[in-house]
Amino acid sequence: MVAAADIIHDVLIDLPSRARVMCHVAGNGPPVVLLHGWGASWYLWKDTMLALAGAGFSAYAPDHIGCG
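Heads up: the sequence shown runs through residues 289 to 356, numbered per the numbering used here.
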């Protein structure tokens with residue numbers, strides 16, 4: 289089995305407001321954006337991201353500012 293760390297990689301996005309958001313990305317294909325609720329983090333979506341990547345999608349899970 290392939291480890292999540294081998295599939296999911298991090299991208300730091302600079303916003304126009306000068307804030308930075310960490311986005312976790314897996315897969316290569318049509319995009320799917322996964323948003324977590326307040327007080328959670330991207331890790332909530334880890335298994336879903338792996339499944340989407342395996343099904344041919346790109347999964348994007350940004351951390352809300354102050355939550356991840």
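Backbone N, C-alpha and C fix where the C-beta goes; we use that ideal spot for every residue, glycine too.
- One Cα belongs to Pro304, the other to Tyr331, and the distance between them is close to 26 Å.
- Going by beta carbons, Val320 and Pro350 fall outside the 8 Å limit.
- Under the three-state reduction of DSSP, Asp298 is assigned to strand.
- For Phe345, the CB contacts under 8 Å within the same chain, skipping 5 residues up- and downstream, are Gly315, Gly317, Pro318, Pro319 and Val320 in chain order.
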